[in-house]
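**Q**
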Amino acid sequence: MKRMALLSILVLIVQLAFAFTGSFGGSRTEELSSVVGGSDGILAVGFSEYYDEPYMQTIVIKTDSDGNISWTKEYGTPVDDIGRCIVLTDEGMALLVSRVEMTSGAKLMATLIDGNGSQVWQNFYGKYRDYSPWSVVVTDNGFVIAGQCMTDNNYLQASLIKIDLSGRTVWEREFGKDGIDGAQAVTKLDDGNILATGYSWIEERQYLWLALLDSYGKTRWQKLIGNSEGPFLEGRAAIEAENGFLVGGISSSFSGKAYLAKIDTFGEIVEETLLDDKYPALLSILKDNDNYVGLASFVTVEDEGFGLIEITKEGEVLTHEAFNVDSFEPHAFARIGAGKFVVVGTKSTDENGRQAYWISADF
103 MKRMALLSIL VLIVQLAFAF TGSFGGSRTE ELSSVVGGSD GILAVGFSEY
153 YDEPYMQTIV IKTDSDGNIS WTKEYGTPVD DIGRCIVLTD EGMALLVSRV
203 EMTSGAKLMA TLIDGNGSQV WQNFYGKYRD YSPWSVVVTD NGFVIAGQCM
253 TDNNYLQASL IKIDLSGRTV WEREFGKDGI DGAQAVTKLD DGNILATGYS
303 WIEERQYLWL ALLDSYGKTR WQKLIGNSEG PFLEGRAAIE AENGFLVGGI
353 SSSFSGKAYL AKIDTFGEIV EETLLDDKYP ALLSILKDND NYVGLASFVT
403 VEDEGFGLIE ITKEGEVLTH EAFNVDSFEP HAFARIGAGK FVVVGTKSTD
453 ENGRQAYWIS ADF
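Just add 102 to wherever you are in the sequence shown, counting from 1, and you've got this note's numbering.
1. Hey, GLU176 and GLN457: beta-carbon distance below 7 Å or not?
2. At the level of alpha carbons, what is the spacing between LEU310 and LYS229?
3. Going by beta-carbon coordinates alone, are SER399 and PRO432 separated by less than 7 Å?
4. What is the DSSP secondary structure of ASN225, reduced to helix, strand or coil?
5. Can you check whether the CB of ALA340 is closer than 7 Å to the CB of ALA285?
6. Bridge partners for GLN324 per DSSP, in chain order?
7. Contact between the segment 246 to 262 and the segment 353 to 369: three or more CB pairs below 8 Å?
8. Are GLY249 and SER234 close, meaning C-beta to C-beta below 7 Å?
9. Are GLY244 and ARG275 close, meaning C-beta to C-beta below 7 Å?
10. Straight-line CA distance for GLY455 to GLY148?
11. Over the uninterrupted beta strand (DSSP E) stretch that includes ILE282, give me the two end residues.
12. Which of the three DSSP states is assigned to TYR459 in this structure?
13. Rounded to whole angstroms, what's the CA-CA distance from VAL116 to TYR394? Just pull it up for me.
14. How big is the Cα-Cα spacing for SER317 and GLY294?
15. Please list, in chain order, all residues of the same chain as GLY140 whose beta carbon is under 7 Å from its beta carbon, the five residues on each side excluded.
16. Could you check what DSSP says for ASN345 in three-state terms: helix, strand or coil?
17. Sorted by chain position, which residues of the same chain lie with C-beta nearer than 7 Å to ASP266's C-beta, five sequence neighbours on each side aside?
18. Per DSSP, which one or two residues make a beta bridge with TYR301?
19. With DSSP as the reference, please indicate the residues paired to THR179 in a beta bridge.
20. Look at PHE443 and PHE430 and say whether their C-beta atoms are less than 7 Å apart.
21. Using 8 Å for Cβ pairs, my map puts PHE126 next to THR174. What's the rounded Cβ distance?
22. Report, in whole angstroms, the separation of the C-beta atoms of VAL162 and GLY217, which I expect to be a contact under 8 Å.
23. Given a threshold of 16 other Cβ atoms within 10 Å of its Cβ, counted over all protein chains shown, does LEU420 qualify as buried or as exposed?
24. Look at the alpha carbon of LEU108 and the alpha carbon of ALA383, and state the distance between them as a whole number of angstroms.
25. Here's the rule I'm using: 16 or more other beta-carbon atoms within 10 Å means buried, otherwise exposed. How should PHE277 be labelled?
26. In this structure, how does DSSP classify GLY332 when only helix, strand and coil are distinguished?
27. Can you tell me the Cβ-Cβ gap for LEU297 and LEU314, rounded? I've got them flagged as a contact below 8 Å.
28. Given a threshold of 16 other Cβ atoms within 10 Å of its Cβ, counted over all protein chains shown, does GLN221 qualify as buried or as exposed?
29. Could you tell me which residues DSSP pairs with TRP173 in its beta bridges?
30. Quick check: what's the CA-CA separation for GLU412 versus TYR153?
31. Mark GLU374 as exposed unless 16 or more other C-beta atoms lie within 10 angstroms of its C-beta, in which case mark it buried.
32. So, with DSSP's three-state summary, where would you put THR448?
33. Does any CB atom of chain B fall closer than 7 Å to the CB of TRP223?
34. Near VAL137, which residues of its chain fall below 6 Å by C-beta distance, leaving aside the five closest residues on each side in sequence?
35. Counting only the same chain and skipping the five closest in sequence on each side, list residues whose C-beta sits under 7 Å from that of PRO180.
Right, here's the structure in full:
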């Protein structure tokens, strides 16, 4: 039974002495886009800006369990590149995925590094141009990268590329027709299948897009969530939950609201929830003990920062807290223990401009 719930309960704004915070950068711009973590700290990827060419370089920051920087390294090219997403393997390796600006159009760059940050290999991908990677996941014997590309017909389409552990392309798929489409999150399911979510524009209306693929890249089903009269929808996060999936993102009419849906294994909506408009977007969802936790952006007239949302496997919102962090733009988060998370993004200051920033929170 499909059900829509609108949450407008009291938002608890928390000003805590966080376990730790950290920043990196100077008078230029540094940002963190993605993060993975555990009990020994975090590994975050983003970019650092320079005054001379190349102007932007992929950067990785490793911290210890107290949030102190262990090392920082750049994995760039002679041209501009921006680190977008990162994932850990069971062997302790990390794959970084970047957008690289080339004269023929932007390509994907994947870099495999070991636990000390040493580069194992680095390759470029994409049979088309203007690639933008947004998410990467470890799959059977490799990785799947989700994003967007410009095809030969000059259409922006959702893109999924699978590469093996040595960096060779296994398959590449595009989704969409003559509109604007993008894959913004991808996750591997317990049965080996792959679920991707994002958006699709059809006749001046944006729908939330879902696709289930097998490990060979064959489409099992595709779904569009939304209708021609309703708000614009966009998928930003997806995770497997009992008897289906939890999908998060944005619902927007005049302004955005965080959107959450429980989807069954056939791609049909079981339940939808709109959060309070203090949460403009649901950015990511992680498993935490028996339930799930979502990361949301948080903005009011007086406050800003991030929100953490506790979600059941059925898609019900149990609790949520807003964490006030001045001039902070959250991009991603990682679980470092039961009920313990690190959020990364960028923080603006009058003295140093936009800096890479990370902050821990108990929830």
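Heads up, the beta-carbon is just placed ideally off N, CA and C, and yes, glycines get one too. Everything numeric in this text was worked out from a predicted model, so none of it was measured.
**A** In short, the structure shows the following:
1. On the sequence shown, position 74 is the one that residue 176 refers to. On the sequence shown, position 355 is the one that residue 457 refers to. Between GLU176 and GLN457, the CB-CB gap reaches or exceeds 7 Å.
2. Locating residue 310 in the sequence shown gives position 208, where the first residue counts as 1. Locating residue 229 in the sequence shown gives position 127, where the first residue counts as 1. Approximately 26 Å, taken between the alpha carbons.
3. On the sequence shown, position 297 is the one that residue 399 refers to. On the sequence shown, position 330 is the one that residue 432 refers to. Cβ distance < 7 Å, so SER399 and PRO432 count as in contact.
4. On the sequence shown, residue 225 is found 123 positions in, with the first residue counted as 1. Of the three classes helix, strand and coil, the one that applies to ASN225 here is strand, per DSSP.
5. Residue mapping note: residue 285 aligns to position 183 of the sequence shown, counting from 1. Residue mapping note: residue 340 aligns to position 238 of the sequence shown, counting from 1. It is not a contact, given that the beta carbons lie outside the stated cut-off.
6. Stepping through the sequence shown from its first residue, residue 324 is reached at position 222. For GLN324, which the question treats as bridged, DSSP gives the partners ALA313.
7. no
8. For the purposes of this step, residue 249 is identified with residue 147 of the sequence shown, where counting begins at 1. For the purposes of this step, residue 234 is identified with residue 132 of the sequence shown, where counting begins at 1. Contact: yes.
9. Taking the first residue of the sequence shown as 1, we reach residue 244 at position 142. Taking the first residue of the sequence shown as 1, we reach residue 275 at position 173. Not in contact: GLY244 and ARG275 (Cβ atoms no closer than 7 Å).
10. As a first step, residue 455 must be located in the sequence shown, where it is residue number 353. As a first step, residue 148 must be located in the sequence shown, where it is residue number 46. Roughly 16 Å separates the two Cα atoms.
11. Taking the sequence shown and counting its residues from 1, the one referred to as residue 282 is at position 180. Note, ILE282: premise wrong, no beta strand (DSSP E); not H, not E.
12. Your numbering for residue 459 matches position 357 in the sequence shown. Three-state result, TYR459: strand.
13. Translated into positions along the sequence shown, residue 116 becomes position 14. Translated into positions along the sequence shown, residue 394 becomes position 292. Low confidence applies to VAL116: its pLDDT is 46, below 50, so where it sits in the model is not reliable, and the reading given next is rough at best. Rounded to whole angstroms, VAL116 to TYR394 spans 20 Å at the Cα level.
14. Within the sequence shown, numbered from 1, the residue matching residue 317 stands at position 215. Within the sequence shown, numbered from 1, the residue matching residue 294 stands at position 192. If you take the alpha carbons of SER317 and GLY294, they lie about 6 Å apart.
15. Mapped onto the sequence shown, residue 140 falls at position 38. Excluding positions up to five away in sequence, the list reads ILE438.
16. One-based indexing of the sequence shown puts residue 345 at position 243. Reduced to three states, the DSSP call for ASN345 is coil.
17. Taking the sequence shown and counting its residues from 1, the one referred to as residue 266 is at position 164. Only ASN243, GLY244, VAL272 meet the Cβ criterion.
18. Your numbering for residue 301 matches position 199 in the sequence shown. For TYR301, the beta-bridge partners assigned by DSSP are GLY284, LEU310.
19. Walking along the sequence shown from the start, residue 179 turns up at place 77. Paired residues: none, contrary to the question.
20. Walking along the sequence shown from the start, residue 443 turns up at place 341. Walking along the sequence shown from the start, residue 430 turns up at place 328. Judged by beta-carbon spacing, PHE430 lies beyond the 7 Å limit of PHE443, meaning their Cβ atoms are not closer than that value.
21. Within the sequence shown, numbered from 1, the residue matching residue 126 stands at position 24. Within the sequence shown, numbered from 1, the residue matching residue 174 stands at position 72. Their Cβ separation, rounded to whole angstroms, is 7 Å, which keeps PHE126 and THR174 in contact under 8 Å.
22. Here residue 162 is taken as the residue at index 60 of the sequence shown, counted from 1. Here residue 217 is taken as the residue at index 115 of the sequence shown, counted from 1. With 8 Å as the limit, VAL162 and GLY217 do not qualify as a contact, their Cβ atoms being about 12 Å apart.
23. In the sequence shown, counting from the first residue as 1, residue 420 sits at position 318. So LEU420 ends up on the exposed side.
24. Translated into positions along the sequence shown, residue 108 becomes position 6. Translated into positions along the sequence shown, residue 383 becomes position 281. Its pLDDT being 49, under 50, LEU108 is placed unreliably in this model, and the coordinates cannot settle the point.
25. One-based indexing of the sequence shown puts residue 277 at position 175. That one is buried.
26. Along the sequence shown, one-based indexing puts residue 332 at 230. Residue state, collapsed to three classes: coil.
27. Start at 1 with the first residue of the sequence shown, and residue 297 comes out as number 195. Start at 1 with the first residue of the sequence shown, and residue 314 comes out as number 212. With a Cβ gap of about 6 Å, LEU297 and LEU314 count as contacting.
28. Mapped onto the sequence shown, residue 221 falls at position 119. When all chains shown are included, GLN221 counts as exposed.
29. Walking along the sequence shown from the start, residue 173 turns up at place 71. LYS164.
30. The residue given as residue 412 occupies position 310 in the sequence shown. The residue given as residue 153 occupies position 51 in the sequence shown. If you take the alpha carbons of GLU412 and TYR153, they lie about 42 Å apart.
31. Translated into the one-based positions of the sequence shown, residue 374 becomes position 272. Counting Cβ neighbours within 10 Å, GLU374 comes out buried, since at least 16 surround it.
32. Taking the first residue of the sequence shown as 1, we reach residue 448 at position 346. The answer is strand: DSSP assigns THR448 an E or B state.
33. Here there is only one protein chain, and chain B is not present.
34. Residue 137 sits at position 35 when you count from the first residue of the sequence shown. If we look at VAL137 and ignore the five residues flanking it on each side, its Cβ neighbours are ILE144, ALA146, ALA434, ALA436, VAL446.
35. Residue mapping note: residue 180 aligns to position 78 of the sequence shown, counting from 1. Cβ within range, chain order: PRO156.
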